[in-house]
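In this note's numbering, the protein residues as written are 19 to 283.
As structure tokens, the structure follows; a few thoughts come after it.
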Ligand code: HEC
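Structural data, given as structure tokens:
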């Protein structure tokens, strides 16, 4: 802990300066002694907030200045080393580093204080971001909220739609989402974020079919900004499949995984 060193050093400075009756160095020693004392308090009580610490130090500086300037004779000796540094000939070798290093240190502190942090903000990917109100499907505007699978009502042909959806799945989706619907298709390991599984209770089981339709139609590029900064490899299926084909494959992935779509409550 660096302040233990600072504590000892300022103690030595304060004692030596007091013995040599040098008010300026005694003041500096006492100031740093007080500073290290405040910092060392963090061993027994929670650390003092930086803001409060600054106020204490300011008050300590004012108090020390008052103490050493109240008597004319002490104040003369207090100022003497400063005046000597500024005007005396033999001090000229000290003047250069002091007047060069001091502004440089100040400039660096100002720079370090205002420099913006370069670390990326901590963000986690939102797997199921809020969908847009509506999106464009081959030029047609479709509202996501309340959107239902039109094929589900056609009970008589449901089995056929599911069988057709299965074919669509094995032609298009299996490479990424896997033949066990677990998101582990043969290409899956190449993508980050990885393709999502459809099995289990935390993906499509959580979603209404209208939401899934929006996701399949617009793919990774259709994701809103809060689902970034990761870019999803999920293709934009409206470019390859018709509206009906997408509804069929959706029927299939629910049927195959035994999941039920959520309804729009
Ligand atoms: C090139 C690989 C790839 C192919 C092919 C692919 N997907 Fe995806 N899919 C992904 C990735 C990666 C994600 C996860 C990132 C995301 O949500 O966009 C995903 C996510 C999804 C989601 C979102 C699930 C959820 O819980 O939010 C659905 C639904 C989906 N895919 C359906 C399909 C369907 C249907 C097909 C076939 C027509 C298909 N995908 C083909 C890569 C693929």
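Using N, Cα and C, we set each Cβ at its ideal position, and we do this for glycine too.
Every value quoted in this text rests on a predicted model; they were computed, and no experiment measured them.
(message) Let me check you understand the geometry: is the CB of residue 252 closer than 7 Å to at least one non-hydrogen atom of the ligand HEC?
(response) Taking the first residue of the chain shown as 1, we reach residue 252 at position 234. It does: the Cβ of residue 252 is within 7 Å (strictly closer) of some heavy atom of the ligand HEC.
(message) Going by C-alpha to C-alpha distance, which of 65, 230, 60 sits closest to residue 167?
(response) Translated into the one-based positions of the chain shown, residue 167 becomes position 149. Of the listed residues, the one whose Cα sits closest to residue 167 is 230.
(request) Would you mind stating whether residue 162 and residue 147 have Cβ atoms separated by less than 8 Å? (result) Within the chain shown, numbered from 1, the residue matching residue 162 stands at position 144. Within the chain shown, numbered from 1, the residue matching residue 147 stands at position 129. The answer is no: Cβ separation not under 8 Å.
(request) Report whether the distance from the Cβ of residue 190 to the nearest heavy atom of the ligand HEC is below 7 Å. (result) Along the chain shown, one-based indexing puts residue 190 at 172. Yes - the ligand HEC has a heavy atom lying nearer than 7 Å to the Cβ of residue 190.
(request) Please classify residue 120: is it buried, with 16 or more other beta-carbons within 10 angstroms of its beta-carbon, or exposed? (result) Locating residue 120 in the chain shown gives position 102, counting from the first residue. Result: exposed.
(message) Rounded to whole angstroms, what is the Cα-Cα separation between residue 114 and residue 127?
(response) On the chain shown, residue 114 is found 96 positions in, with the first residue counted as 1. On the chain shown, residue 127 is found 109 positions in, with the first residue counted as 1. Approximately 20 Å between the Cα atoms of the pair.
(message) Taking contact to mean 3 or more Cβ pairs, one atom from each stretch, closer than 8 Å, check whether the segment 183-192 and the segment 255-267 are in contact.
(response) yes
(request) Measure the Cβ-Cβ separation of residue 43 and residue 30 and say whether it is below 8 Å. (result) Translated into the one-based positions of the chain shown, residue 43 becomes position 25. Translated into the one-based positions of the chain shown, residue 30 becomes position 12. Result no, Cβ atoms of residue 43 and residue 30 do not sit closer than 8 Å.
(request) Could you round the C-beta distance between residue 242 and residue 143 to whole angstroms and report it? I think they count as a contact, below 8 Å. (result) On the chain shown, position 224 is the one that residue 242 refers to. On the chain shown, position 125 is the one that residue 143 refers to. In fact, because the Cβ distance is near 12 Å, the residues do not count as touching under 8 Å.
(request) Over the uninterrupted alpha helix (DSSP H) stretch that includes residue 155, give me the two end residues. (result) Position 137 of the chain shown, counting from 1, holds the residue named residue 155. Premise fails: residue 155 lies in the beta strand (DSSP E), 152-155, not in any alpha helix (DSSP H).
(request) For residue 97, collect the residues of the same chain with a Cβ closer than 8 Å to its Cβ; drop the 5 residues on either side in sequence, then sort them by chain order. (result) Taking the chain shown and counting its residues from 1, the one referred to as residue 97 is at position 79. 42, listed in sequence order.
(message) Given this structure, state the Cα-to-Cα distance separating residue 93 from residue 129, to the nearest angstrom.
(response) The count along the chain shown starts at 1 and reaches residue 93 at position 75. The count along the chain shown starts at 1 and reaches residue 129 at position 111. Approximately 35 Å, taken between the alpha carbons.
(message) Rounded to whole angstroms, what is the Cα-Cα separation between residue 89 and residue 45?
(response) Here residue 89 refers to the residue found at position 71 when the chain shown is read from its first residue. Here residue 45 refers to the residue found at position 27 when the chain shown is read from its first residue. The straight-line gap from Cα to Cα measures roughly 15 Å.
(request) Would you identify the three-state DSSP class for residue 173, choosing helix, strand or coil? (result) Here residue 173 corresponds to residue number 155 of the chain shown, with the count starting at 1. If DSSP states are grouped into helix, strand and coil, residue 173 belongs with the helices.
(message) With a threshold of 7 Å (Cβ to nearest heavy atom), would residue 145 be considered close to the ligand HEC?
(response) As a first step, residue 145 must be located in the chain shown, where it is residue number 127. Under cutoff, so the answer is yes.
(message) When you compare the CB positions of residue 226 and residue 281, do they come within less than 8 Å of one another, or not?
(response) As a position in the chain shown, residue 226 is number 208, starting the count at 1. As a position in the chain shown, residue 281 is number 263, starting the count at 1. Closer than 8 Å, so yes.
(request) Output the distance between the C-alpha atoms of residue 172 and residue 181, rounded to the nearest integer angstrom. (result) By one-based count along the chain shown, residue 172 stands at place 154. By one-based count along the chain shown, residue 181 stands at place 163. Taking the straight line joining both Cα atoms gives about 14 Å.
(message) If you measure between the beta carbons of residue 79 and residue 50, is that distance less than 8 Å?
(response) In the chain shown, counting from the first residue as 1, residue 79 sits at position 61. In the chain shown, counting from the first residue as 1, residue 50 sits at position 32. No; because the gap between Cβ atoms is not below 8 Å, this pair is not in contact.
(message) Suppose the cutoff is 6 Å on Cβ atoms and the five residues either side in sequence are ignored; what does the same chain contact list for residue 194 look like?
(response) On the chain shown, position 176 is the one that residue 194 refers to. For residue 194, where only same-chain residues beyond five positions count, the Cβ hits under 6 Å are 203, 205, 206, 213.
(request) Round the Cβ separation of residue 164 and residue 228 to the nearest angstrom and send it over; I've been treating them as touching at under 8 Å. (result) For the purposes of this step, residue 164 is identified with residue 146 of the chain shown, where counting begins at 1. For the purposes of this step, residue 228 is identified with residue 210 of the chain shown, where counting begins at 1. So it is a contact: roughly 7 Å between Cβ atoms.
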